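What follows is a set of notes on a single structure, which appears directly below.
Rendered as structure tokens:
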């Protein structure tokens with residue numbers, strides 16, 4: 275039976291999330307718990323909604339954090355928008371597209387999956403074809419930033435195609451939000467969900483969502499009840515909406531303190547500056563990894579700066595390398611998922627973890643471990659390339 | 275646009291939850307975030323499962339915290355155990371029984387609701403009659419400790435009646451766990467969920483659940499998929515079960531640090547001692563409230579020590595009194611829910627908030643505010659009664 279407090283080891287989190295959490299956010303979570311209907315807490319909720327509108331670039335009234343991880347936000351969007359028998363197209367270019375399709379089926383949708391290559395952006399042409407072949411589609415779902423492969427899709431174009439066919443777009447921005455532009459209003463995204471533990475650098479456990487008026491109206495005007503009571507936005511918004519707040523579930527008070535502080539830090543930096551920072555640190559990491567001979571699995575134009583998926587060199591035990599990075603350098607990088615398990619590493623540069631010193635740490639540590647495992651490579655050259663890229667980008 | 279960190283006001287939380295969180299638990303949540311697949315985190319998960327088995331008094335393998343508030347734990351039990359067309363009986367003696375029935379309907383069950391009086395325990399006779407009238411019932415759901423009324427039901431007897439009719443029992447112990455005996459194994463409870471923010475005194479946002487082998491087998495052997503992907507225990511247990519852990523969703527890492535510390539504190543105290551403490555502080559509060567002329571809505575034998583529901587005196591503006599307690603004394607007590615809104619106060623003595631000084635604070639503050647609002651009463655006498663009860667109980 276356990277009898278001691280848990281003291282986590284010190285890690286640098288450069289996997290696919292969670293990312294490193296700033297001390298300000300950690301400290302915010304340790305503030306005393308107050309009631310979920312306390313007037314001071316209701317003010318905090320309003321501030322969180324405003325800050326989420328800032329990062330989502332939206333004026334949507336229905337903008338709030340779901341009281342569960344990103345997967346709960348995904349399911350909230352699906353089960354609120356899907357009615358049994360609805361026709362749904364899901365673009366599938368990685369693990370999370372597959373999850374979206376599974377959820378839509380469980381919600382009773384008639385699902386058509388458009389298969390794309392893993393490691394590539396979703397093909398707008400293939401979506402267009404699928405919509406032409408399948409009349410009366412109600413919803414299109416796709417992943418803006420595929421966390422399983424590091425591919426970035428053109429959310430604006432995909433949403434426009436959906437709208438051209440009178441379908442609404444559900445968009446997964448779990449790994450996108452805060453790391454690359456996500457323009458909910460300008461791109462006309464209808465229902466968007468994200469996570470807190472990626473480029474927002476809050477701890478995992480909450481899922482920001484935002485629905486525009488078209489999507490919100492569809493939820494209000496459903497003919498059948500939402501299959502989930504917990505996620506039913508018609509009930510949830512009695513608590514998270516404006517005006518008098520009535521009890522739905524007990525909000526995760528301290529986690530919301532953390533999210534508020536993390537969002538405040540994004541606003542202090544300026545979200546455009548955060549996008550630039552993610553891009554610069556990615557460029558430097560890429561320069562270093564390329565000298566180490568590591569190949570990115572995603573073509574350059576479709577690459578997500580905050581999640582770098584590279585092939586494991588021939589003959590290398592990928593799990594052993596990750597284990598050594600963790601044990602010897604306190605550095606976490608991620609493994610592949612699904613069909614990419616054992617074949618790639620996923621190196622995150624997300625949120626607070628996206629810092630020059632982490633770029634250099636990763637290039638050095640990975641280079642040293644790979645050398646030690648018998649891969650011939652130029653660690654000094656790689657470090658030099660990363661340093662040069664950093665120097666050039668901040669000049 | 276918000277531009278300052280949130281500093282919560284200092285409160286004493288004596289509502290229906292969240293309850294006060296100990297500094298040790300708050301500090302635990304502020305420790306650095308690590309990865310949800312980190313070997314150190316996997317060890318923490320194992321410890322949390324062991325500690326949950328300790329508080330639930332069970333050896334159930336399937337024991338874990340759901341990554342969402344108590345409502346998500348409730349829905350996890352319902353959607354995993356209910357298949358479309360299943361026959362379900364829900365005992366309804368308050369808000370949470372009603373919620374259980376709603377969830378079971380949304381999961382496709384054929385639901386029979388057994389109505390009990392609000393403010394009373396669930397009637398075993400009425401459940402027995404309902405089971406006799408309705409053959410082939412698959413599941414019986416009831417609330418052990420009704421948070422909306424403060425009524426404690428006889429979970430052991432109700433579960434036995436369900437078993438006599440070959441039905442499994444889903445039991446809501448959100449407000450019970452840690453405050454009154456909950457004997458999952460000895461009473462044969464099949465699927466049990468709870469919350470963290472009541473008598474365990476961790477922050478809200480997680481929901482411990484435990485399923486015995488009969489319930490777990492029913493989930494494994496379902497003919498239809500669980501309607502929720504997020505809550506599907508067949509998927510969740512690939513992460514929370516033993517052996518190799520595979521990714522399902524990103525666990526709320528820091529919230530779990532807090533839960534671990536809170537459970538450790540329960541174990542340090544000894545759960546039987548925690549039950550005794552809740553009983554003693556309730557007795558003292560009751561003594562004080564009775565001198566203030568406040569009447570409990572639940573008969574003494576059916577009363578929950580950790581949640582004291584009392585009628586609002588005639589002519590008193592209950593919202594104004596709660597507002598003054600909060601503003602002038604930093605004391606939160608709860609309002610009524612549903613049909614009891616405006617008619618009762620719910621005064622919690624849960625977890626870390628169940629302390630002698632809080633009993634006295636509440637009697638004094640409530641007495642003073644009520645006096646000030648024109649109710650004639652004996653504040654000194656009430657304080658004396660509470661103090662005497664405390665002195666007698668610890669002698």
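Protein chains in written order, with the working numbering: chain A, 275 to 669; chain B, 275 to 669.
Yeah, the Cβ is synthetic: ideal placement off N, Cα and C, and Gly gets one too.
In this text the structure is predicted, and so the values were computed from the model without any measurement.
What is the DSSP secondary structure of residue i, reduced to helix, strand or coil?
{"i": "residue 458 of chain B", "result": "helix"}
{"i": "residue 668 of chain A", "result": "helix"}
{"i": "residue 621 of chain A", "result": "strand"}
{"i": "residue 524 of chain B", "result": "coil"}
{"i": "residue 307 of chain A", "result": "coil"}
{"i": "residue 337 of chain B", "result": "strand"}
{"i": "residue 315 of chain A", "result": "helix"}
{"i": "residue 280 of chain B", "result": "coil"}
{"i": "residue 414 of chain A", "result": "strand"}
{"i": "residue 535 of chain B", "result": "helix"}
{"i": "residue 572 of chain B", "result": "coil"}
{"i": "residue 301 of chain B", "result": "helix"}
{"i": "residue 530 of chain B", "result": "helix"}
{"i": "residue 578 of chain A", "result": "coil"}
{"i": "residue 584 of chain B", "result": "strand"}
Would you please state the rounded distance, in angstroms, between the beta carbons of residue i and residue j? I believe it to be under 8 Å.
{"i": "residue 396 of chain B", "j": "residue 405 of chain B", "result": "13 Å between Cβ atoms; not a contact."}
{"i": "residue 606 of chain A", "j": "residue 287 of chain A", "result": "5 Å"}
{"i": "residue 334 of chain A", "j": "residue 485 of chain A", "result": "6 Å"}
{"i": "residue 523 of chain B", "j": "residue 504 of chain B", "result": "7 Å"}
{"i": "residue 369 of chain B", "j": "residue 415 of chain B", "result": "That belief does not hold up - the Cβ atoms of residue 369 of chain B and residue 415 of chain B are roughly 14 Å apart, past 8 Å."}
{"i": "residue 609 of chain A", "j": "residue 596 of chain A", "result": "6 Å"}
{"i": "residue 347 of chain B", "j": "residue 502 of chain B", "result": "No, residue 347 of chain B and residue 502 of chain B are not in contact; Cβ-Cβ is about 12 Å, not under 8 Å."}
{"i": "residue 580 of chain B", "j": "residue 623 of chain B", "result": "5 Å"}
{"i": "residue 444 of chain B", "j": "residue 351 of chain B", "result": "5 Å"}
{"i": "residue 620 of chain A", "j": "residue 424 of chain A", "result": "7 Å"}
For residue i, tell me which candidate among the options has the shortest Cα-Cα distance.
{"i": "residue 442 of chain B", "options": "B:450, B:454, B:429", "result": "B:429"}
{"i": "residue 513 of chain A", "options": "A:357, A:282, A:305, A:316", "result": "A:316"}
{"i": "residue 283 of chain A", "options": "B:282, B:306, B:301", "result": "B:306"}
{"i": "residue 598 of chain B", "options": "B:622, B:636, B:570", "result": "B:636"}
{"i": "residue 664 of chain B", "options": "B:630, B:638, B:641", "result": "B:630"}
{"i": "residue 495 of chain A", "options": "A:385, A:391, A:355, A:337", "result": "A:355"}
{"i": "residue 318 of chain B", "options": "A:450, A:647, A:280", "result": "A:280"}
{"i": "residue 451 of chain B", "options": "B:472, B:435, B:461", "result": "B:472"}
{"i": "residue 545 of chain A", "options": "A:296, A:499, A:329, A:621", "result": "A:329"}
Using the Cα positions of residue i and residue j, report the straight-line distance between them to the nearest angstrom.
{"i": "residue 459 of chain A", "j": "residue 643 of chain B", "result": "50 Å"}
{"i": "residue 427 of chain B", "j": "residue 418 of chain B", "result": "5 Å"}
{"i": "residue 289 of chain B", "j": "residue 371 of chain A", "result": "42 Å"}
{"i": "residue 453 of chain B", "j": "residue 540 of chain B", "result": "10 Å"}
{"i": "residue 278 of chain B", "j": "residue 594 of chain A", "result": "44 Å"}
{"i": "residue 626 of chain A", "j": "residue 466 of chain B", "result": "39 Å"}
{"i": "residue 455 of chain B", "j": "residue 547 of chain B", "result": "11 Å"}
{"i": "residue 349 of chain B", "j": "residue 375 of chain B", "result": "11 Å"}
{"i": "residue 668 of chain A", "j": "residue 567 of chain A", "result": "25 Å"}
{"i": "residue 611 of chain A", "j": "residue 422 of chain A", "result": "6 Å"}
{"i": "residue 463 of chain A", "j": "residue 569 of chain A", "result": "33 Å"}
{"i": "residue 275 of chain B", "j": "residue 325 of chain A", "result": "7 Å"}
{"i": "residue 476 of chain A", "j": "residue 293 of chain A", "result": "8 Å"}
{"i": "residue 336 of chain A", "j": "residue 323 of chain B", "result": "36 Å"}
{"i": "residue 572 of chain A", "j": "residue 657 of chain A", "result": "22 Å"}
{"i": "residue 353 of chain A", "j": "residue 562 of chain B", "result": "49 Å"}
{"i": "residue 584 of chain B", "j": "residue 377 of chain B", "result": "29 Å"}
{"i": "residue 359 of chain B", "j": "residue 420 of chain B", "result": "27 Å"}
{"i": "residue 537 of chain A", "j": "residue 340 of chain A", "result": "15 Å"}
{"i": "residue 520 of chain A", "j": "residue 531 of chain A", "result": "20 Å"}
{"i": "residue 617 of chain B", "j": "residue 489 of chain B", "result": "39 Å"}
{"i": "residue 589 of chain A", "j": "residue 342 of chain B", "result": "42 Å"}
{"i": "residue 543 of chain B", "j": "residue 436 of chain B", "result": "34 Å"}
Which chain E residues sit within Cβ distance under 8 Å of residue i?
{"i": "residue 418 of chain A", "result": "In summary, chain E is missing from the structure at hand, where the protein chains are A and B."}
| request: Could I get the ranges of all uninterrupted alpha helix (DSSP H) runs contained in the stretch 346-403 of chain A, with 4 residues as the minimum, in chain order? | output: Runs of the alpha helix (DSSP H) spanning 4 or more residues and lying entirely within the stretch 346-403 of chain A occur at 369-380, in chain order.
| task | Give, in chain order, every unbroken run of the alpha helix (DSSP H) that is at least 4 residues long and sits entirely within the stretch 542-569 of chain B. | result | Counting whole runs of 4 or more residues, the stretch 542-569 of chain B contains the alpha helix (DSSP H) stretches 545-565.
| field | Minimum length 3: unbroken beta strand (DSSP E) runs contained in the stretch 433-517 of chain B | value | If we require 3 residues or more, the beta strand (DSSP E) runs fully inside the stretch 433-517 of chain B come out as 442-446, 465-467, 481-485.
| task | Taking only runs that begin and end inside the stretch 593-665 of chain A, name each unbroken beta strand (DSSP E) of 3 or more residues, in chain order. | result | List check, beta strand (DSSP E) in window: 605-609, 618-622.
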